[in-house]
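Undergrad: Pasting a structure here, questions to come.
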Amino acid sequence: MVSVKVFVASLAPYAAIFAVAAPTTTTGELEERAALKAQASIYMCSGTRWTGTCRNVLVNIDECVKVPNGWNNRIRSIRNDSKAVYRCTWYTDSSCNGRAYKNQEDANLSDGDGHFDRSITTYSCQRK
């Protein structure tokens, strides 16, 4: 009869083959994770009712963001595609100042008072 000690001792040379290294996190991976930020998805068009030239942009949360190059004072319809999680505010002046508009989806910025039609220059989004 083989003793348990002899059996375990015979397996020792194979332990290194089956050893699994514990996962480690490098400094680079930590920096990469820190660089990933929550973002809201904004859809904008140069025409009312989602016509004309349209584009989608990702906006970092809790930052004041200027509209993309070529879009300043051009937006006629805008929506927050991430409205289930984030609330965005549209502004008429730089640095997220001036008139503020919090409608999360507006297909016709020229209706109502029309102050935001072709007037949005910055926006910011926050977690609800």
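Taking mature numbering (1 follows the signal peptide of the UniProt record, and there is no 0), I'd label the letters of the sequence shown as residues -27 to -1, 1 to 101. All C-beta atoms, glycine included, are put in the ideal place defined by N, C-alpha and C. Here the structure is a predicted model, which is why all the values come from computation and not from measurement.
What does the Cβ neighbour count give for V58, buried or exposed, with the cut at 16 atoms within 10 Å?
TA: exposed
Undergrad: Around the C-beta of T26, are 16 or more other C-beta atoms found within 10 angstroms, so that it is buried, or is it exposed?
TA: Exposed is the label assigned to T26, since fewer than 16 other Cβ atoms lie within 10 Å of its Cβ.
Undergrad: Between the Cα of F89 and the Cα atoms of S68, N46, K10, R100, which residue gives the shortest distance?
TA: N46
Undergrad: Would you kindly work out how many angstroms separate the C-alpha atoms of R52 and E78, rounded to a whole number?
TA: One C-alpha to the other measures close to 4 Å.
Undergrad: Grab the span of the beta strand (DSSP E) containing T94 for me, first residue to last.
TA: Where T94 is concerned, there is no enclosing beta strand (DSSP E), given that its DSSP letter is neither H nor E.
Undergrad: To which residues of the same chain is A(-6) closer than 7 Å at the C-beta, ignoring the five residues directly before and after it?
TA: Confidence in A(-6) is poor, its pLDDT being 49 and thus under 50, which makes the residue's placement unreliable; the coordinate value appears in the next sentence. There are no such residues.
Undergrad: Where K22 and G85 are concerned, what is the direct C-alpha to C-alpha distance, given to the nearest angstrom?
TA: Strictly speaking, residue 22 in this sequence is Arg, with Lys absent from that position. The straight-line gap from Cα to Cα measures roughly 14 Å.
Undergrad: From the DSSP output, in three-state form, read off residue 104 for me.
TA: Limits of the chain in this structure are -27 at one end and 101 at the other, which puts residue 104 out of reach.
Undergrad: Taking DSSP's pairing of strands, which residues face C27 in a bridge?
TA: According to the DSSP secondary-structure assignment, C27 is paired through a beta bridge with C18.
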